[in-house]
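The structure appears below as structure tokens.
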Amino acid sequence: MTSGAHPEVTVGAGGAGGPQKELLRFLTCGSVDDGKSTLIGRLLYDTRLILEDQLAALERDSRRHGTTGEELDLALLVDGLQAEREQGITIDVAYRFFSTPRRAFIVADTPGHEQYTRNMATGASNSQAAVILIDARKGVLTQTRRHSYICSLLGIKHVVLAVNKIDLVDYSGERFHHIVGDYLGFAQALQFSSITPIPLSARYGDNVIHRSEQMRWYEGPTLIEHLEALDVTEGLDEKPFRFPVQWVNRPNLDFRGFSGTVASGVVRAGDRVVVAASGRESTVARIVTADGDLAEARAGDAVTLTLTDEVDVARGDVLALSHERPEVVDQFAAQVLWMIEEPMLPGRSYLMRIGTRFVPARITSLKHKTDVNTLEHIAAKTLAINEIGFCNLGTASPVAFDPYGENPRTGAFVLIDRFTHQTAGAGMISFGLRRATNIHRQALLVDKAARTRLNGHRPAILWFTGLSGSGKSTIANIVERELHVLGAHTYMLDGDNVRHGLNRDLGFTDADRVENVRRVGEVARLFVDAGAIVLCSFISPFRAERRMVRELVEAGEFIEIFVDTPIEECKRRDPKGLYARALAGKIKHFTGIDSPYEIPESAEIVLETGGGPEPAARRVLDALRERHIIG
Amino acid sequence: MSTDTLSRARLSQHLKRLEAESIGILREVAAEFRNPVMLYSIGKDSGVLLHLALKAFYPSKPPFPLLHIDTGWKFRDMIRHRDEIVKRYGVKLLVHTNPEGLARGINPITSGSRLHTQVMKTEALKQALDKWGFDAAFGGARRDEEKSRAKERIFSFRSAGHVWDPRNQRPELWNLYNTRISQGETIRVFPLSNWTELDIWQYTRAEDIPVVPLYFAAPRPVIERDGQLIMRDDERMPLRPGELERVRMVRFRSLGCYPLSAAIESTAATLDAIIAEMLATRTSERSGRLIDTDEAASMEKKKRDGYF
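Taken in sequence, the protein lines are chains A and B.
First residue of the first sequence? That's 1 in the numbering used here, and the numbers climb one at a time after it.
First residue of the second sequence? That's 1 in the numbering used here, and the numbers climb one at a time after it.
Printed below as a string of structure tokens:
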């Protein structure tokens, strides 16, 4: 489309003209001097959305507050708050509407200063694309990096790099290409699907709506051409079905429906669905709307579902298809943007809103914060306003979610201050965590603490690791016998009793070894919860899996015991003849032969060879007394 | 309400999305607030808002009443329309007029538009919200109407005393609205924030929503005053010397108190004609609102004071 074809922009009063137009929501980011408000003013002016009475007001205001001398100051069209007009800056997010024959647009006009990072994130949260402004005289600045990072963090996929004020560098192509090169070098690390650089002058309108006569060297689209053509289908229909229940619709005793908006995916009458948190299943009976029942509902549809069974469903629950369930956890890792003056404090309780659910939540640890200007990770104890940190969070009861990267509708949350009710933080879930400290289980009448009092000793996992033939099981057996004599509740988990039952389906590949240890760890955790001392005797060659089990239980409950017998000695002993068979090539993936063993770096107890198993067992028992696990 | 299943197919993708978003907002308030109310101003936006509420909770009725702040100076056609709608849909309507303003004889003609709006609309609204103890109030405002509205949240927080502080608004991310408030605080909710005037008319046509006949062009007696066409709806508005009532073909783009609502010359007598007229228009909707032109940023000022 060229400038000559454009004057048929016909919509006079803002908004969509034609009946089948689709909508694009985008945000503009840039600082005071980048000309952001001027650009939006230009878009409105050139799409002829500035009406006569507004134009008259603009002429008055330009004389009073304007910065452009005799010309119209287009920025005054959008800076709506009195303080903004007086200070000549954009403070808050404003939403503007305009349309062309091809598309309707909602622009989130967001401020660019670092102290308004939260406002920019707000605009980005509901946008499908971003226009990032750069002043052609200044090139890529710290603020450009900040704006790009925030867009990327909020999941924006399409970026327009608007190199503005190109008139002030004599419409130089060389300058433009230099800036673009700089930007692409930096933006590679961010996960954008498209970056479209456009040289333009918002003040004079070059390459905004009308193609510039001054830049014949530029062959790409004008800003509006690009925004009209951009494919921003979010693909929400193709994602798994998620339905956060918003309101229980109960007009009379014969009707019980669940009203809400489909967050993603498609549901049809007759589909088998599950309440994510409780695991209860039912079947969709009807999809009710005021316009009649529907055969199916898709992402974005506001409907009311009825089910064939009387299952317990309330506001805050998430319905999913039985075979495509979301994760349900009470511990997860997330990026958190802090938005209030009062700093974020790990350990403090906030109210989390995720989907339609409100649940008390704590930030259990702040892994690091990110410098929004350099993207460096910095160790930190708290987050101040406008800071972004990577955190672990715990909720008072399990919540259903998908990682934000996979589904922003079910992976986003806000944190609300429980006293002032301000919106304190915004979060994007990265992944779920497994931890033993399920806050909601503290409500149980008989808990681990109660069992510990009854048993007279504390629970623990004694994790014996070492090569095959190192003597793990021999020592563990003696330790268990001694503990039994002392009246402790014990249980032994080893390859023999696990591999024949629970883990019968696993082999000895690296992946199977990891799964083997994971399952053993989960079983051991249950024994710990039951108050027992559980002895686990596994080669467990990888540090990561041993650490995984360690993190399943509370600090001090996991005792790693490294049976440090050199491989020569193990081969010499070879009690089951396994080394001989492995060396002959008859067993694959044998630890120490053709599969690695990662030596523990911080085992609680290291048992060296020599002296026999009995003294080694006594050392273990001594260590348990020192740690007050047994009396 | 129409139960015609074809009406859904008639809606464009764009209007369907707007409808779904608004329904989501309406349900959110019903689920989260103790005592919500829907401001009903009888105009086209109110008509759409009520229609959306009827759809949002179907087969239940909207779980909140309507509230009309009656200044006593609305067009007679508006009041007639209001009472018809209430009867037709079986919804509960509360009406409030500021008794002190009435006693003081505040009116738009001799008191001036500013004082009249302040006392009979803004103060009256605050009285009504306090009287019935509403903690959330729906309004039909749209972001495309006016610059300070463009910066207002969908869930707009008001401190005790109904004060709006534009510098201290809650960030509003995704559709995760913060519905939590403390004792005495309230929320104004704007389900039509993302609609434009044209969307309103196209939706009204597609869904066959009844509107006040004053929106349609007809021969009406009007006087020309300060460059605006005013319809004398009753004898309370005296003619100034030299003013003559003349019958002209006019309609209203925006309805309020009749001495403060200017008509435009138009022949648009159907919804289709109104939409066609809008596509060609060169003035904004609020240009017929005499109360907005008092001074620059006047809407922001009124909103800070508690106006919708």
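All C-beta atoms, glycine included, are put in the ideal place defined by N, C-alpha and C.
>> Check for me: the alpha helix (DSSP H) holding tryptophan 201 of chain B runs from which residue to which?
In response: Here residue 201 of chain B corresponds to residue number 201 of the second sequence, with the count starting at 1. Where tryptophan 201 of chain B is concerned, the enclosing alpha helix (DSSP H) stretches over 197–207.
> Is it true that the stretch 138–147 of chain B meets the stretch 104–114 of chain B, where meeting means three or more beta-carbon pairs spaced less than 8 Å apart?
Replying inline: no
>> Give me, in chain order, the residues of the same chain whose beta-carbon lies closer than 6 Å to that of alanine 476 of chain A; leave out the 5 immediate sequence neighbours on both sides.
In response: For the purposes of this step, residue 476 of chain A is taken as residue 476 along the first sequence, with counting starting at 1. Phe464, Leu535, Ser537, listed in sequence order.
> If you run the structure through DSSP and keep just helix, strand and coil, what is glutamine 422 of chain A?
Replying inline: By 1-based counting over the first sequence, the position of residue 422 of chain A is 422. Glutamine 422 of chain A falls in the coil class under three-state DSSP.
>> Assuming valine 200 of chain A and phenylalanine 105 of chain A are in contact, meaning their beta carbons sit under 8 Å apart, how far apart are those beta carbons, in whole angstroms?
In response: The residue given as residue 200 of chain A occupies position 200 in the first sequence. The residue given as residue 105 of chain A occupies position 105 in the first sequence. Per the sequence shown, residue 200 of chain A should be read as leucine rather than valine. About 17 Å; that fails the 8 Å criterion.
>> Please report the distance separating the alpha-carbon of glutamine 202 of chain B from that of valine 211 of chain B.
In response: Position 202 of the second sequence holds residue 202 of chain B. Position 211 of the second sequence holds residue 211 of chain B. Distance between the alpha carbons of glutamine 202 of chain B and valine 211 of chain B is about 13 Å.
> Which of helix, strand or coil does DSSP assign to tyrosine 116 of chain A?
Replying inline: Against the first sequence, residue 116 of chain A aligns to sequence position 116. Tyrosine 116 of chain A falls in the helix class under three-state DSSP.
>> glutamate 228 of chain A and arginine 315 of chain A - do their beta-carbons sit closer together than 8 Å?
In response: For this step, residue 315 of chain A is matched to residue 315 along the first sequence. For this step, residue 228 of chain A is matched to residue 228 along the first sequence. No, the Cβ-Cβ distance between arginine 315 of chain A and glutamate 228 of chain A is not below 8 Å.
> Since valine 93 of chain A contacts aspartate 109 of chain A with CB under 8 Å, what's their CB separation in whole angstroms?
Replying inline: Taking the first residue of the first sequence as 1, we reach residue 93 of chain A at position 93. Taking the first residue of the first sequence as 1, we reach residue 109 of chain A at position 109. Valine 93 of chain A to aspartate 109 of chain A, Cβ: 7 Å. Contact.
> Nearest to leucine 244 of chain B by CA position, among B:Asp226, B:Thr267, B:Val222, B:Ser12, is which residue?
Replying inline: The sequence position of residue 244 of chain B within the second sequence is 244, counting from 1. Looking at the Cα atoms, B:Val222 is the closest of the given residues.
>> Could you compute how far the alpha carbon of leucine 305 of chain A sits from the alpha carbon of leucine 176 of chain B?
In response: What you label residue 305 of chain A is simply residue 305 of the first sequence in a count that begins at 1. What you label residue 176 of chain B is simply residue 176 of the second sequence in a count that begins at 1. Between leucine 305 of chain A and leucine 176 of chain B, the C-alpha separation is close to 21 Å.
> Can valine 262 of chain A and alanine 285 of chain A be called in contact, C-beta distance under 8 Å?
Replying inline: To locate residue 262 of chain A, count along the first sequence from 1; it is residue 262. To locate residue 285 of chain A, count along the first sequence from 1; it is residue 285. Not a contact, by the Cβ cut-off of 8 Å.
>> As a quick exercise: from B:Pro259, B:Asp234, B:Glu185, B:Ala268, pick the residue whose alpha carbon is nearest that of valine 250 of chain B.
In response: For the purposes of this step, residue 250 of chain B is taken as the residue at position 250 of the second sequence. If we check each option's Cα against that of valine 250 of chain B, B:Ala268 comes out closest.
>> Counting only C-beta atoms, is lysine 74 of chain B closer than 8 Å to chain A at any point?
In response: Stepping through the second sequence from its first residue, residue 74 of chain B is reached at position 74. Not closer than 8 Å to any Cβ of chain A, the Cβ of lysine 74 of chain B fails to qualify, so no.
> Taking only beta-carbon atoms, is tyrosine 258 of chain B less than 8 Å away from chain A?
Replying inline: Taking the first residue of the second sequence as 1, we reach residue 258 of chain B at position 258. Chain A contact via Cβ: absent.
> With respect to the alpha helix (DSSP H) encompassing lysine 299 of chain A, which residues constitute its N-terminal and C-terminal limits?
Replying inline: The residue given as residue 299 of chain A occupies position 299 in the first sequence. Before going further, note that residue 299 of chain A is alanine rather than lysine in the sequence given. Segment: none, alanine 299 of chain A is in no alpha helix (DSSP H) and carries neither H nor E.
> Can you list the residues of chain B that threonine 261 of chain A reaches, using a CB-CB cut of under 9 Å?
Replying inline: If you number the first sequence from 1, residue 261 of chain A lands on position 261. The answer, in chain order, is Ala20, Glu21, Ile23, Gly24, Arg27, Asn175.
>> Do leucine 214 of chain B and alanine 262 of chain B count as a contact pair if the criterion is CB distance below 8 Å?
In response: The residue you call residue 262 of chain B lines up with position 262 of the second sequence. The residue you call residue 214 of chain B lines up with position 214 of the second sequence. No.
>> Going by DSSP in three states, isoleucine 630 of chain A sits in which element: helix, strand or coil?
In response: Within the first sequence, residue 630 of chain A is the residue found at index 630, counting from 1. Of the three classes helix, strand and coil, the one that applies to isoleucine 630 of chain A here is coil, per DSSP.
> Cβ atoms of arginine 242 of chain A and valine 318 of chain A: under 8 Å apart, would you say?
Replying inline: Walking along the first sequence from the start, residue 318 of chain A turns up at place 318. Walking along the first sequence from the start, residue 242 of chain A turns up at place 242. In contact: valine 318 of chain A and arginine 242 of chain A (Cβ atoms closer than 8 Å).
> In chain order, which continuous runs of the beta strand (DSSP E) of length 3 or greater are located wholly inside the stretch 118–157 of chain B?
Replying inline: 136–138
>> Going residue by residue through the stretch 361–426 of chain A, where are the continuous alpha helix (DSSP H) segments of at least 4 residues, counting only ones entirely within it?
In response: 408–411
> Along chain E, which residues have their Cβ under 8 Å away from the Cβ of glutamine 183 of chain B?
Replying inline: Any reference to chain E falls outside this structure, whose protein chains are A and B.
> proline 36 of chain B and alanine 136 of chain B: beta carbons closer than 8 Å?
Replying inline: Position 36 of the second sequence, counting from 1, holds the residue named residue 36 of chain B. Position 136 of the second sequence, counting from 1, holds the residue named residue 136 of chain B. Contact flag set, yes.
>> Quick test of your reading: isoleucine 630 of chain A and alanine 488 of chain A, contact by CB under 8 Å. State the CB separation rounded to the nearest angstrom.
In response: Residue mapping note: residue 630 of chain A aligns to position 630 of the first sequence, counting from 1. Residue mapping note: residue 488 of chain A aligns to position 488 of the first sequence, counting from 1. Yes, isoleucine 630 of chain A and alanine 488 of chain A are in contact; Cβ-Cβ is about 6 Å, under 8 Å.
> Exposed or buried, what is isoleucine 224 of chain A when buried is set at 16 or more other beta-carbons lying within 10 Å of its beta-carbon?
Replying inline: As a working mapping, residue 224 of chain A is identified with position 224 in the first sequence. Buried, by the Cβ-count rule.
> Quick one: what's got a C-beta closer than 6 Å to aspartate 622 of chain A's C-beta in the same chain, skipping five residues either side?
Replying inline: Along the first sequence, one-based indexing puts residue 622 of chain A at 622. Once the five neighbours on either side are set aside, aspartate 622 of chain A has no close Cβ partner at all.
>> Contact defined as beta carbons within less than 8 Å: I believe threonine 591 of chain A pairs with isoleucine 539 of chain A. What is the distance between those atoms, to the nearest angstrom?
In response: As a first step, residue 591 of chain A must be located in the first sequence, where it is residue number 591. As a first step, residue 539 of chain A must be located in the first sequence, where it is residue number 539. Threonine 591 of chain A to isoleucine 539 of chain A, Cβ: 5 Å. Contact.
> Are isoleucine 287 of chain A and glutamate 296 of chain A touching if we call contact CB-CB under 8 Å?
Replying inline: By one-based count along the first sequence, residue 287 of chain A stands at place 287. By one-based count along the first sequence, residue 296 of chain A stands at place 296. The answer is yes: Cβ separation under 8 Å.
> Pairing CB atoms from the stretch 390–404 of chain A with CB atoms from the stretch 152–163 of chain B, are three or more of them under 8 Å?
Replying inline: no
> Which first and last residues belong to the alpha helix (DSSP H) in which methionine 278 of chain B is found?
Replying inline: Looking up residue 278 of chain B in the second sequence gives position 278. Taken as a continuous stretch (DSSP letters only), the alpha helix (DSSP H) holding methionine 278 of chain B covers 271–280.
> Hey, leucine 93 of chain B and leucine 66 of chain B are a contact pair by Cβ (cut 8 Å); roughly how many whole angstroms apart?
Replying inline: Stepping through the second sequence from its first residue, residue 93 of chain B is reached at position 93. Stepping through the second sequence from its first residue, residue 66 of chain B is reached at position 66. Going by Cβ atoms, the distance from leucine 93 of chain B to leucine 66 of chain B rounds to 5 Å, so yes, they are a contact pair.
> Smallest Cα separation from cysteine 29 of chain A: which of A:Asn164, A:Arg60, A:Tyr597?
Replying inline: For the purposes of this step, residue 29 of chain A is identified with residue 29 of the first sequence, where counting begins at 1. Among A:Asn164, A:Arg60, A:Tyr597, the Cα nearest to that of cysteine 29 of chain A belongs to A:Asn164.
>> Against tryptophan 30 of chain B, what residues of chain A qualify as contacts under a CB-to-CB distance less than 8 Å, listed in chain order?
In response: Working through the second sequence from its first residue, we reach residue 30 of chain B at position 30. This sequence places alanine at residue 30 of chain B; tryptophan is not what is there. Under the 8 Å cutoff, chain A gives Trp247.
> Looking at C-alpha atoms only, which residue of A:Glu608, A:Val232, A:Leu578 is the closest neighbour of aspartate 564 of chain A?
Replying inline: By 1-based counting over the first sequence, the position of residue 564 of chain A is 564. Ranking the options by Cα distance to aspartate 564 of chain A, first place goes to A:Glu608.
> If you measure from the beta carbon of threonine 28 of chain A to each beta carbon in chain B, is any gap under 8 Å?
Replying inline: What you label residue 28 of chain A is simply residue 28 of the first sequence in a count that begins at 1. No, threonine 28 of chain A lies away from the interface with chain B (no Cβ there is under 8 Å from its Cβ).
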